[in-house]
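First comes the structure, then the notes that go with it.
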Amino acid sequence: MSFDNLYSRRGFIGQTLKSVAGLVLASELPFKNKQAYIERSFFTMGTIVTISAYGESREHVNHAIDKAIQEIQRVDRLMSLYKTDSQLARVNSAAGKSTVKVDEELIHVVQAAKKYHEITSGSFDITVEPLMNLWGFRHEPPSLRKRPSDAEIQSRLDAVGFSHISIDEKNQAIGLDQADSKIDLGGIAVGFSVDLAVRALQSEGIEAAFINHSGDAYALGKPENDSGWRVGIPNPAKPEEIVASLTLSNKAISTSGNTEKFIQVGSHRYGHIFDPYLGTPSDAALSTTVIAPSALAADALSTGIFCMDVPRAKKIIGELGGTQAFIISSEGKLTFLQGRGT
272 MSFDNLYSRR GFIGQTLKSV AGLVLASELP FKNKQAYIER SFFTMGTIVT ISAYGESREH
332 VNHAIDKAIQ EIQRVDRLMS LYKTDSQLAR VNSAAGKSTV KVDEELIHVV QAAKKYHEIT
392 SGSFDITVEP LMNLWGFRHE PPSLRKRPSD AEIQSRLDAV GFSHISIDEK NQAIGLDQAD
452 SKIDLGGIAV GFSVDLAVRA LQSEGIEAAF INHSGDAYAL GKPENDSGWR VGIPNPAKPE
512 EIVASLTLSN KAISTSGNTE KFIQVGSHRY GHIFDPYLGT PSDAALSTTV IAPSALAADA
572 LSTGIFCMDV PRAKKIIGEL GGTQAFIISS EGKLTFLQGR GT
């Protein structure tokens, strides 16, 4: 990763700007390259996913993108909170009653979630779904008449926590020990699906591609005649302002923020990222962006550090190899954090 500019759009002049959730992708115009260039967007997991790739021919690139799309859609069928026939939905339905036999990939993602739960000292938690319901984020459309009482919050907190999840590796099963406990993999399964899509592209011989899944992205290789994929991080308070522009190659990037998903109650705006200790939406930052070796790691970490102050986030990121982070505080201050060996 390299910095092109900070607080400037200069590095983006003459580029095509593609706005994505929490990110702006700038790439050279495809007609300047000898390789075939394809960009395709599709809807899945409740959002738009865009894959941009270079290859030998349009047929070659389209075939590879088809494979990548299939992987993302397969993860959605397996780990969707909303599809009643997904394995995750079956685990949630059996909460407090029994464990459910699941695919190895679901076991892998829940174990990875446990790892990042421990790394972030509990700030990343896949069991905050009871809080999402209490605060009205599962209503359609999301709505909240008044702030939940402390007693209501505490009652839901009793069902929150990784201790309620059991993972039976031998029998390949997952269970929840309380009926009110529920798992939501939205903060990690998206990154996992991006990693699988990258592998699908590579298996088809694609060496340069950018996959963006609603702010969770991976920069594979680099466009022809360029040093990498250029990505801008907008100021969530002023989307027209780029606070940092980066050049990425073989790196993942993920942005978490509360400016797009929120509930308004009177004059107060509540975002959708929760502090699992307090049971309330976190307002520690406007956005957090993490660059990491994998999209799964970037996804989980950007969510986990959103709920903590800068000194604590600095300690966590500082202990991780190949990882960087940008935190934009609620006051609009930008802080850059550097991991080991980066």
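Under the working numbering, the first residue of the sequence shown is numbered 272, with each subsequent residue one higher.
By construction, the Cβ of each residue, glycine as well, lies at the ideal position given by its N, Cα and C atoms.
Out of curiosity, what's the CA-to-CA distance linking residue i and residue j?
| i | j | result |
| --- | --- | --- |
| G503 | G367 | 45 angstroms |
| V549 | H388 | According to the sequence shown, residue 549 is Leu rather than Val. Whole-angstrom Cα-Cα distance: 16 angstroms. |
| E375 | R540 | 39 angstroms |
| K522 | P564 | 5 angstroms |
| L456 | Y308 | 33 angstroms |
| T370 | E411 | 30 angstroms |
| K509 | Q443 | 47 angstroms |
| T287 | E511 | Note that T287 scores a pLDDT of 36, beneath 50, so its modelled location is shaky; the value from the coordinates is reported in the next line. Looking at the two C-alpha atoms, the distance is approximately 15 angstroms. |
| E590 | A568 | 14 angstroms |
| T518 | N363 | 40 angstroms |
| M350 | H543 | 19 angstroms |
| I587 | Q609 | 10 angstroms |
| P505 | T606 | 14 angstroms |
| S516 | G458 | 24 angstroms |
| G537 | F577 | 24 angstroms |
| I319 | A422 | 38 angstroms |
| H331 | F463 | 24 angstroms |
| D356 | R409 | 18 angstroms |
| A460 | G575 | 14 angstroms |
| Q358 | A596 | 33 angstroms |
| T594 | S426 | 36 angstroms |
| D497 | A324 | 14 angstroms |
| K386 | S414 | 33 angstroms |
Leaving out the 5 sequence neighbours to the left and right, which residues in its chain are closer than 8 angstroms to residue i when beta-carbon positions are compared?
| i | result |
| --- | --- |
| H435 | T398, L447, D448, Q449 and S452 |
| V469 | A339, A480, I482, Y489, L491 and A566 |
| T493 | Position check: residue 493 holds Lys in this sequence, whereas Thr was assumed. Answer for K493: A479, G499, W500 and S520, listed in chain order. |
| S601 | D554, A555, A556 and L557 |
Any Cβ of chain D within less than 8 angstroms of the Cβ of residue i?
| i | result |
| --- | --- |
| E342 | This model lacks chain D altogether; it includes just one protein chain. |
By alpha-carbon positions, which one of the options ends up nearest to residue i?
| i | options | result |
| --- | --- | --- |
| E400 | H379, Y353 and K372 | Y353 |
| R329 | I340, E310, T321 and I319 | E310 |
| A335 | R418, T559, I477 and F533 | I477 |
| L294 | T594, I390 and P507 | P507 |
| D466 | T574, H484, A360 and G589 | H484 |
| K532 | K509, S558, D396 and Q609 | S558 |
| A430 | D554, L402 and P552 | L402 |
| N333 | M350, S312, T318 and R348 | S312 |
| F433 | P413, V373, L405 and A384 | A384 |
| R583 | I378, I598, D497 and D487 | I598 |
| K441 | V373, T391 and D546 | V373 |
| R611 | D570, K585 and G592 | G592 |
| V581 | T391, T613 and Q425 | T391 |
| L534 | G326, R416 and I322 | The sequence as given places Ile at residue 534; Leu does not occur at that position. Answer by Cα proximity: R416. |
| G326 | T551, Q341, Q473 and A365 | Q473 |
| G603 | T594, V514, G317 and F408 | V514 |
| I424 | I322, T551 and S323 | T551 |
| A365 | I454, S414 and I524 | I454 |
| L630 | S414, P413 and D396 | In this structure the chain extends from 272 to 613, so residue 630 is not present and cannot be described. |
If I measure Cβ to Cβ from residue i and keep anything under 6 angstroms in the same chain, skipping five residues before and after, which residues do I get?
| i | result |
| --- | --- |
| Q344 | T315 |
| L572 | V561 |
| D546 | S553 and C578 |
| A292 | Since pLDDT at A292 reaches only 49, below the 50 mark, its modelled position is unreliable, and no value is offered. |
What does residue i pair with, by DSSP beta-bridge criteria?
| i | result |
| --- | --- |
| R416 | None, per the DSSP bridge assignment. |
| G528 | S558 |
| H539 | V536 |
| S600 | A556 |
| K522 | A490 |
| A335 | The partner list for A335 (beta bridge, DSSP) is empty, contrary to what the question assumes. |
| V346 | V346 pairs with nothing; no bridge assigned. |
| F313 | V320 |
For residue i, I'd like the list of residues in its chain whose CB is within less than 7 angstroms of its CB, leaving aside the five on either flank, ordered along the chain.
| i | result |
| --- | --- |
| P419 | L405 and W406 |
| M579 | S394 and A555 |
| K585 | L608 |
| I438 | I378, V381, Q382 and I445 |
| E475 | H334, A335 and K338 |
| G528 | G293, P507, L557 and S558 |
- prompt: At what residue ranges does the region 432-515 contain a whole run of the alpha helix (DSSP H), taking only runs of 4 or more?
  reply: 460-474
query: Which full runs of the alpha helix (DSSP H) of 4+ residues lie inside the region 350-376, going along the chain?
result: 358-364
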